[in-house]
Every structure is written in C-alpha cells, then in structure tokens.
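For the sequence shown, my numbering begins at -18 and goes up steadily by one.
Just so it is clear, CB atoms sit at the ideal spot from N, CA and C, and this is done for glycine as well.
Predicted model, so just to flag it, every value in this text is computed and none were measured.
One structure is given here, and the rest of the page talks about it.
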Amino acid sequence: MIQTKLIPRTAEASEPPLLIKSLLAQSLKYEPQREIVYRDLFRMNYVQFNQRVRQLANVLANLGVVAGDTIAVLDWDSHRYLECFFGVTSVGAILHTVNVRLSPAQILYTMNHAEDKVVLIHEDFLPILAAIKEQLSTVEKFVVLSDKVYGPTDLEVLSDLPAYFSGEYEALLKEASPDYDFPDFDENTWATTFYTTGTTGNPKGVYFSHRQLFMHTMGLLAYIIGYEAMPFKGSTDVYMPITPMFHVHAWGFPFLATMMSAKQVYPGRYEPELLLKLLIKEGVTLSHCVPTILNMLVSSPAAQKFRDNLSRWKVLIGGSALTKGLAQAATDLGITVMSGYGMSETAPVMAVGYLNEQEQTLPTEEQIELRTRAGRISPFIEMRLMDDEGNFVPHDGHSLGEIVARGPWLTQGYYNDPERGAELWKGGWLHTGDVASISPDYWVMIADRTKDVIKTGGEWVSSLDMENVLSQVEGVAESAVIGLPDVRWGERPHALIVQKPGYTLTAEGIKAGLKEKVDRGDLHKWYVPDRILFVPEIPKTSVGKIDKKRIRSEMKDAILGTHAV
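Shown next as structure tokens:
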C-alpha cells in the first residue's frame, strides 16, 4: 500500500461509521407501511418492526447484555430472527446464528466456542437444549420463542418451562420500552458469527464486522438492483427466503430487503405446501434456496396446480450446482432461475448470474447453460484462478485453477483458530477450495471442489459436469457422482441416482443413453460412471449440500457391491 495524501478534517466534521443500524434506518424513509409477514400467524409494518427492534434492545439490556457479548439464536426463519439481525448487532453485541441442523454435540461445541452469554431458542429445539444445557460453559440467560402466542387464545407458554428461563420473547417485548437510541461505534466492530459445516474436524467459526455486512449489502444492491441480475424492486417485489437464516445471514438478503422496506415473508419451518401457499397468497417474487429445495417444490403436485402463479417468481440458487435438468424443469413452470456463488467465509455472495442484452436474445437452451454457471463476479470482488504452484491461471474460459479472492466482506480468519485461518488466507488471497475456469467476460464456471474432482487415467472428470448430464435423463430426480479408487485407472466415477416417482430406470438403460452421447461426441467416454446405484435419497450436509465425503465413506461398499451395475 503506497503513502498518499489524506483529506484534511474539520474539527467537528462528521464521518458516520458504516453500521447495520444505518440499514435499519432506511426502512422508515420511503415505504414504512409495507409488511413483514410470518407464516399465516403474524404481520406488521416497518414502523412496528422498528419499534420491536428497539424493544428487543431494551430486553437485552434488562438481561444484562453489554457490547461485545454474544447472543445465540436457535429459530426457524422468522420475523423474530430478522429483529435479532438488527437488534442484537445494533447494541454492539454479536449475533451467533446457530446451525440447528448440526448434531447436539456440534451445537454444544459451537456455543461454547463462541462464548454465548444469552440464548434465544424456539420451543421446537428445547429437547436439544435439555441434552446439552449442563455442559454450556458461558451461557447465563435463556429466552424461549413460541408460535403459540400468536394463536386465537392466550396460552400460558411459560407454565411448563424450566425455571432457568428468563421469559418468553413476545412477553418480554411487550414489557420493554420502544425507546432506545442505538449508539455509534467503530464500523469494524464484530457483528455476527456462525460455524461452517466442515467435513473434517470441529466446525470453524467465521465472523463479520458491521462494515463488512454493510458493504455486502451495497454489493447486492449494485448487482441485484443496479444491474438487474435478479431484478428486485421494493415497489413491486416481495421477498421470501427459503434458505435458513442461520446459513450465512440468509445470503445477506434480509439486510437488503429491510433497507429497501420491501415486503418480506418468513415461512418458519419449511413445508412444501405452506411455502407454495405463502408464495401465492403473499405474492412472493424473489427467493433463494439450495437446489434440493427447488427440486422439492417443482416436484410437488401443487406446483402444477399453481403454475400460472409462478411466472413472477425469481429464484437464486446456491449452495450446490444448479443442474440443467432442474433449471429446465423450473423454467417449464415459468420460474426464472439464476445461480449464485459464495461460501460461509465470504458473507457469502461473490458471483451472481447476469445475462447481458445480447445473451437475453439467445435460445432458451443456451440461456439455461448460462443460468447454471456459478455467475458473473460481483462488484467489488477481485477473483483469480491459481494453480498448485501459486501461479495465476488465465481467464480464458477453459484453463482450470483454484478460485482465490479478495474483497471488502470476506472473513478475516477463523475464530480462535489461527492455523486454519492462515491456511485460508495463504499468500494474501482467500482460498476457496473450488476448481473453476473464468471466461474473458467474467463468467465463473465451477468444475468441482478440489477434494471431489476425479482423476482417471490421467484425465480429469468433473463430478458436477457428470451430475449435470444425469439431471437431463428423463426420470432422474437427483444424482451424485463420486470417485473411488481403481487399480487400473487410479480412480473411476460412480453415480448415485434418485428416481422420480412413477419411473423404473435401469443402470443399463442410463449407460446406453450416455454411450450415445459419447458416440455423438457430446461426452468424454471416461466420464461414464462405472457403476450406478439407485437410492431413495442422497446424503446431505446440514445446509442441504450433497455430502460426498459421507457417500465415499459410508456407501463405498454398496456402490462397488452386487447391487450396483
């Protein structure tokens, strides 16, 4: 960094820090009457929302929370969670969004490692708390979150709660004053933390500052609204996340939607019928989810029933690769799909698909190929490809390398884990572990995770590319391709397949179809899986990604055995 001449400062000139409270303040300026909806149980406007956020700040103060304390939340996607996004962080405390899909032992580890002081927990997760409470080393207070309080009658939610609970969320809010003046503090103040679902060792804690989350919101604002990559206008669009709010801040969209005072709909626990009902009833136009959730929705009988209402729905897909087959199925229902790319360590968005004017005139099949790419590099993100020797690889659309990145919202390390943090930031670039090519016009095309790419007879096989091919086979609902050791070739690809209801596929039939692609020159012969195993479901991680490590370790014998062809 070079020495430069800084601007002079007048003694009393103001330079406000970039804080999350500033995003909240915008929600009252333009459309404060717009609604925030929770399931079919609760709705409020932005005036009421701002009041409740300040009441939450007073509740936290009454519980003894001071700046720098960590507050854990275990809840479904809800208005309460949204209030915590702003209320916890704006008092200078740290929001720990707990991954409720981890095992109780892993949840215990993350809560102790994060040094949580207060826990806000939905009643659905009380059995988890009962199993780990005595081993929590830093927690002092507990607050229960209950949907029963939104029922037609007053229910005594606290009647059967253990004595160590300080109260129920709504009851505490009602008792708290709506007057609270959020303080100023350094924009580099720690705002949030959560834990990655790594496949080895304990989960790793990532963390983000107010400035980082503010800048991430500005990046989304530029890309989603400015460039209209996934057009989102506060005046006409309605946002509903179908990604857990514990998972990388629901990709940052709640901050953006609140800043815009857009209508927001929070579905609670995911239920296909309710999701579709809310989508239609509330006029939802923008969501984001992993491919598994989209597949569940487009495969639902109700999707055909409501297809006329799906033409306004735009869905950003991330977490795993969007296959061409799933993209086509969604497109056939009138849904606009686009891929995005990022990771827990990057807050998360680093790329989102964007079709320029010329690309929008392409045939549907060619547009789908673009929409299933990882996206175009986001504003303010610097992304390069690096080979095993640390050399940069050209952005020519076919040369492969590991994605490395820099940007204003990437985590600075792992909490209390300097060794793995140094590995993450080796050479001053954040190393993603994803192998990709980048085109001259900034399209990112993920080939595979470094640990999932298959090397057979000196040739590389992208498991994602092969899954993409299988997704287009009629009757295939989902697939996973892994590499297993082979005496002759080093490794060979093998496939797990979930069939759609009503289909009876055979491994021989699928292989015959793949051979036809080979004969036409559409597929390399070494890509064809040696064995295909039909399964009722494919193992997933806690955030809905295909768990290939688990497949390799737990299903190797089944894949190589007599039940696979």
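- For Leu76, the secondary structure class from DSSP, reduced to helix, strand or coil, is strand.
- Nearest C-alpha to Glu16 among Leu194, Phe189, Asp218 and Met(-18): Asp218.
- CA-CA distance, Val265 to Asp58, rounds to 15 Å.
- Rounded to whole angstroms, the Cβ separation of Ala283 and Glu254 is 6 Å, and the two are in contact under 8 Å.
- Cβ contact annotation for Glu96 (same chain, cutoff 6 Å, sequence separation greater than five): Thr51 and Thr119, in chain order.
- Within the model, the alpha-carbon separation for His228 versus Arg501 is close to 42 Å.
- With a 10 Å radius around the Cβ and a threshold of 16 neighbouring Cβ atoms, Gly233 comes out buried.
- By the CB criterion at 8 Å, Thr345 and Ala386 fall outside the cutoff.
- In this structure, the CA atom of Leu63 is about 15 Å from the CA atom of Thr198.
- Inter-segment contact for the segment 315 to 325 and the segment 457 to 465 is absent: fewer than three beta-carbon pairs are separated by less than 8 Å.
- Taking C-alpha positions only, Ile491 is separated from Val18 by approximately 45 Å.
- Between the beta-carbon of Phe146 and that of Phe123 there is about 5 Å, and that keeps the pair under the 8 Å contact cut.
- In this structure, Ile532 keeps its C-beta atom at 8 Å or more from the C-beta atom of Pro517.
- With three or more CB-CB distances shorter than 8 Å, the segment 153 to 160 counts as touching the segment 28 to 41.
- Under the 10 Å beta carbon count, Lys295 is surrounded by 16 or more other beta carbons and is classified as buried.
- Here Ser418 is bridged, per DSSP, to Met426.
- Between Arg473 and Thr431, the C-beta gap is not smaller than 8 Å, which leaves the two residues out of contact.
- The residues Leu495, Lys498, Leu504 and Tyr508, in chain order, have a CB closer than 8 Å to that of Val450 in the same chain once the five nearest residues on each side in sequence are set aside.
- At the C-beta level, Leu259 and Val246 come within 8 Å of one another.
- Under DSSP, Met367 takes part in a beta bridge, and its partners are Phe373 and Glu383.
- In this structure, the CA atom of Gln309 is about 7 Å from the CA atom of Ile349.
- Minimum Cα-Cα distance from Asn337 among the listed residues Gly148, Cys65 and Glu209 corresponds to Glu209.
- DSSP places Ala238 in the uninterrupted alpha helix (DSSP H) bounded by Phe234 to Met240.
- According to the DSSP assignment, Thr51 belongs to the beta strand (DSSP E) that extends over Thr51 to Leu55.
- Here Thr(-15) is exposed: its Cβ has fewer than 16 other Cβ atoms, across all protein chains shown, within 10 Å.
- For the pair Gly439 and Ile274, the CB atoms are not nearer than the 8 Å cut-off.
- For Glu16, the enclosing beta strand (DSSP E) has its first and last residue at Glu16 to Tyr19.
- Relative to Tyr27, the option among Glu12, Val425 and Ser418 whose CA is nearest is Glu12.
- Within its own chain, the residues whose Cβ lies closer than 8 Å to the Cβ of Leu154, once the five positions on either side in sequence are excluded, are Arg33, Gln36, Leu37 and Val40, listed in chain order.
- Secondary structure of Lys98 (DSSP, three-state): strand.
- Taking the Cα of Phe23 as reference, the smallest distance to any Cα among Glu404, Val130 and Leu9 is reached at Val130.
- Boundaries around Asp467 are those of the beta strand (DSSP E), Val457 to Asp467, since no alpha helix (DSSP H) includes it.
- When DSSP states are grouped into helix, strand and coil, Ala(-8) belongs to the coil group.
- Taking the Cα of Arg469 as reference, the smallest distance to any Cα among Tyr335, Ala328, Val457 and Asp511 is reached at Asp511.
- Of all alpha-carbon atoms in Ser3, Leu411 and Thr70, the one lying nearest the alpha-carbon of Leu391 is that of Leu411.
- Each of Phe66, Val434 and Ala48 was checked against the Cα of Thr239, and the nearest Cα belongs to Phe66.
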